[in-house]
Structure formats: C-alpha cells, structure tokens
Amino acid sequence: MTIIYHPKLSTELEKYGIAIPLCDDRSQRVFERLKQDFPQLKELDLSLLEELTREDLKRAHDSDFLERWFSDEEFITQILYAYDCQDPSRYLPERAQAPLTQLRESILSQVKGTVLTVKTALEAKKFCYYLGGGMHHARSYTGAGFCPLSDIVIALRKAQKEYSLQNILILDVDAHMGDGTAEITKDDPTLTTISLHMADGWPIHSELPIISSDYDLPFKLNEEESYLPRLQNILFDSDIMEKKWDLLFVVNGADPYEGDALKSSEGLKLSKEQLLARDMLIYKWARDLDIPQAWVMAGGYGEKAADIYSQFLLKILHLMG
Ligand SMILES: [Zn+2]
C-alpha cells in the first residue's frame, strides 16, 4: 500500500483569507499520527507529480470554464463562488497573506496528487491513499461547494486514456452528494457512480440542478443504522458484481461523522465505529475481488476529522504488518 502526503499539497485556505472550518493541517495531523506507529512512512517526492496539460483538464471541464479559470480576474470570481464566499463571513481579504490567484497553482498541485494516486494504485495493483483530493462538487462548467476543479474525473479519464481502462467504479461516501462527479460523468457508461449521502441539506445552491448518480443512496437523520447494510447491499448487488472493474475510486469523506464541525453536514451522524466499519467494508470488498483501489479524503471538518482518517489507515497499516 502507499500513502501519498506532502505538506505542499494542502489547501492553506487561511493564507488567502478564506475561512471555512476545514483544518488546513488535517492531512499533516493524519500523517503524523501514522508515523508514530510507522516511522518508515515518507513524504511524497514532489518530483513524481506530473504536469497537467489543458487536454487533461478538458476531459472533465468545458472550454469556457477553463478560459475563465486561467484568466486572473475571472479566476477570482470563480474561486470565491466555489468556496461559498457569497457568505461574507467566509472571505476575509484583510487577513490574506497571499493573492488569491496563487491558489490556482495550489489547486492544480492537489489535482496532480490525485492523478498520481490513481496511477500508483493501478501500477502496484493495490491500495493507494491520498491525504488530499476528492473535489466531488465541481461540475463541468463551474466549481462549487469548496471544490474548484474535479480532480476525480480529471485523474480517472487521464488514467483511462493512458492505461486503456474500461470500467471504473466511483464510490462516494462523503456526507454530501457527489453531484459534481455525477454531472460530469452522466453520459459516460465507463465511469459508474455510487453516492451515499444525507437525504436533506444538499445542494445548498438551488441554482445548480441536481444530477443523479448512477446509484444514489440517501439517508435521513436517524437512519444511520441502515447505513452499513445498504452499503453492503449495493457493493454486492448483481449489477455491480457482474461487471469487471479496473479500479475502485473512493471519495472517503469523514464528514458523515457525528463529531464533524461543518453545519451543512449535520444531516448524517455516523459514529466513529460505524465509519471504521464503513471503510473496512469497502477496502475488503475491493481487496477480495482484486480490484486496485485509489482513495481520496474529500470532506471532513473541524478538530476531530483527522481521527476518522487515522483510525482506518492505522488499521490497514497494522493489517499489512
Ligand atoms: Zn462533504
């Protein structure tokens, strides 16, 4: 297995005056916790990150959006929208230490991390976990919900092309619906999407139409007990089991946790134990079927999010000895 981490691949949103309750250092906290038990873990060698071409981005985003994304002025408008900065408490330019336009390179670096994660999982035919990534609300024509670009679809379509892959399963267990991934992949039978999410509370942007995933499993508050059985059922459903999957891509949000700090993820309250069982169920399903697995962090807010990621990764690292 491989864990991909480097401090330079974090968002550092505070540096740009953007105030969302994402702990900028949550990846670092997870990595440090893992290193306590596994001191041999190493930070990523950044020279392994491949440059992305406009062609790579175009596999997920339309040309108009990319034009705007690469023009400084329109990039700022786009980024403030993607991070929900219409809410004035979310953007405090007086606290910024760097111009917002620098965020563009930082976001592209994070996308490169997802690209490398997919590639590593495919080449090693194993489990690879990226302590970053998972921008599942980004659509073909706009960023949204703290997700400026679709690292997911960019990485998967690039891998499909370079490794001649047929079918990829995208399993999104973030508290929020994977609506952006669903929009970009809606006419693409080679990318199958499953999303388990809160039934209520998303999207908060009513101006963006809701696009269904191939399989949507919504949960209302107090339906948490059915979460694991329904996850098990969909993974072992005959439609899913019949297909040969070249890769499982997991959008591993920690925000369904009952201790999550984001207001808009309060619609689902899984316990720490349920989240560990969720992650182990997914991991073992793919391992037993010999499907390479690429995992990304996605949402997980506040002080306690790092514990959710750490408990799972420690368990896997210990399993592997
Ligand atoms: Zn989320």
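Residue 170 in my numbering sits at position 190 of the sequence shown; the count goes up by one each step and never skips.
All C-beta atoms, glycine included, are put in the ideal place defined by N, C-alpha and C.
Check whether residue i and residue j have beta carbons under 7 Å apart
i, j, result
"L293", "L14", "yes"
"G233", "L201", "no"
"V91", "L129", "yes"
"C127", "A118", "yes"
"I(-2)", "Y63", "yes"
"I184", "A162", "no"
"S186", "S175", "no"
"V231", "D159", "no"
"V10", "A286", "yes"
"R70", "Q58", "no"
"L111", "Y(-15)", "yes"
"I288", "L255", "yes"
"L102", "W225", "no"
"Q273", "L211", "no"
"L197", "W265", "no"
"K(-5)", "A78", "yes"
"R84", "F45", "no"
"I(-17)", "Y143", "no"
"K223", "N147", "yes"
"K138", "D259", "no"
DSSP state of residue i mapped onto helix, strand, coil
i, result
"M178", "strand"
"L145", "coil"
"I56", "helix"
"A101", "helix"
"L83", "helix"
"V95", "helix"
"Q291", "helix"
"A124", "strand"
"P272", "coil"
"Y63", "coil"
"L14", "helix"
"L305", "A question about residue 305 goes unanswered here, because the residues of the chain that appear run from -19 up to 301."
"Y281", "coil"
"L250", "strand"
"M115", "coil"
"Q77", "coil"
Residues that DSSP places opposite residue i in a beta bridge
i, result
"Y(-11)", "It is Leu, not Tyr, that sits at residue -11 in the sequence shown. DSSP lists no partner for L(-11)."
"T173", "I150"
"L228", "L149 and Q273"
"L197", "L176"
"I(-17)", "Y109"
"L256", "Its beta-bridge partners do not exist; DSSP assigns none."
"Y71", "I(-2)"
"L297", "Paired residues: none, contrary to the question."
"Y309", "In the structure as shown, the chain starts at -19 and stops at 301, and residue 309 therefore has no counterpart that could be examined."
"Y237", "L250"
Counting by C-beta, which residues lie closer than 5 Å to a heavy atom of ligand 1, in chain order?
-> D154, A155, H156, G233, D235 and G279
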